[in-house]
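Report on one structure; see the data block that follows.
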Amino acid sequence: MVNLDKYSSIFVANWKLNGNSSFLKDYYEKLKLNSNNCTIICPPSIYLKSLKTNNENLFCGAQDISSFKEGAYTGELSASMLKDNNVDFCLVGHSERRQHFSETNSSVNSKIANLIEQNIIPVICVGETLEQKDNNLTEEILSTQIKNGIPNSANYKNAIIAYEPVWAIGTGLTPSLDEINKVHDLIKNFDQKFINFKVLYGGSVKSENSKEITELSRVDGCLIGGASLKVEEFNKIIS
Ligand code: 13P
Numbered sequence: 004m005v006n007l008d009k010y011s012s013i014f015v016a017n018w019k020l021n022g023n024s025s026f027l028k029d030y031y032e033k034l035k036l037n038s039n040n041c042t043i044i045c046p047p048s049i050y051l052k053s054l055k056t057n058n059e060n061l062f063c064g065a066q067d068i069s070s071f072k073e074g075a076y077t078g079e080l081s082a083s084m085l086k087d088n089n090v091d092f093c094l095v096g097h098s099e100r101r102q103h104f105s106e107t108n109s110s111v112n113s114k115i116a117n118l119i120e121q122n123i124i125p126v127i128c129v130g131e132t133l134e135q136k137d138n139n140l141t142e143e144i145l146s147t148q149i150k151n152g153i154p155n156s157a158n159y160k161n162a163i164i165a166y167e168p169v170w171a172i173g174t175g176l177t178p179s180l181d182e183i184n185k186v187h188d189l190i191k192n193f194d195q196k197f198i199n200f201k202v203l204y205g206g207s208v209k210s211e212n213s214k215e216i217t218e219l220s221r222v223d224g225c226l227i228g229g230a231s232l233k234v235e236e237f238n239k240i241i242s
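Here it is, written out as structure tokens:
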């Protein structure tokens, strides 16, 4: 399992449903890694094997995984199949999966447990919608997502949490720096066991705001969508 404590910050590129072989080749040739940081690229699963990650600063991650271990589940990929293909990380519970694919805290919980069993580090996404934020429900929503979605086997060495406010994803909007730090602090203090967890921020991260966000005391890195698709922009973020 990757030793997360070796790195000063963690940056995860979530390509979502974008990219192809030539995009990947070009991206890889132009990618400029920072030796202090852990950089994780999450392409669509079919491209995971094409990413050359024999470098201690670059890893690949899947964007989702089955909640089942094996069997008659057409279209699914299991945690053991990811392990078999040297995948070290996997996003779980992304809000787009919760919204469009009926992901629940219970299925998130099973997925994380399966990944941990295979020594794959889940990047566990949590976050509130704008309506929930406006109704002062952020703390309650995050608390439920964390308590019901994270199994007991998760700890700060084998799992990462990513705070992604749903209303900040792809909108150009972000919480204030103070808000981000406060929410991360809240997450780390939900329970004694979360205090040392790495907590990443995601939602409209770009080169103009990544430095100030990453420098916040309670932020351990960023999860980046749109801006990770432009390699020059991503290079600036991870530099
Ligand atoms: P954007 O960076 O495009 O807002 O997406 C964030 C995200 O969903 C990363 O998982």
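Residue 4 is where the sequence shown starts when you use this note's numbering, and the numbers rise one by one after that.
Yeah, the Cβ is synthetic: ideal placement off N, Cα and C, and Gly gets one too.
Could you pull the DSSP bridge partners for residue i from this structure?
i	result
P125	C93
T42	F14, L61
A165	C128, L203
Grouping DSSP H, G and I as helix and E and B as strand, with all else coil, what is residue i?
i	result
V222	coil
S70	coil
I227	strand
G152	helix
S110	helix
L34	coil
K55	coil
D188	helix
K28	helix
N88	coil
V244	Since the displayed the chain opens at 4 and closes at 242, residue 244 lies outside it and no answer follows.
T77	coil
Y50	helix
I172	coil
N139	coil
K160	coil
L20	coil
I216	helix
K239	helix
T147	helix
S179	coil
I198	coil
K209	coil
Who are the Cβ neighbours of residue i in its own chain at under 8 Å, not counting the five residues just before and after it?
i	result
K201	L7, I13, Y159, I163, I164, D223, G224
T107	R101
F193	L145, S146, I149, K150
Here's a check: name, in chain order, each residue in its chain whose Cβ is nearer than 7 Å to the Cβ of residue i, leaving out the five neighbours to either side.
i	result
E131	L140, T141, I144, L145, P168, V169
T174	S207
M4	N122, I124, N161
L232	W18, N21
A157	I115, I119
E79	S69, F71
Looking only at its chain, what residues have a beta carbon closer than 6 Å to the beta carbon of residue i, apart from the 5 residues adjacent to it on each side?
i	result
V111	V95, G96, G152
K239	S210
N39	S11
A65	S48, L85, V90, C93
I43	V15, F62, G64, F92
Near the ligand 13P, which residues have their beta-carbon closer than 6 Å to a heavy atom?
N17, H97, E167, I172, G173, G205, G206, S207, V208, L226, I227, G228, G229, A230
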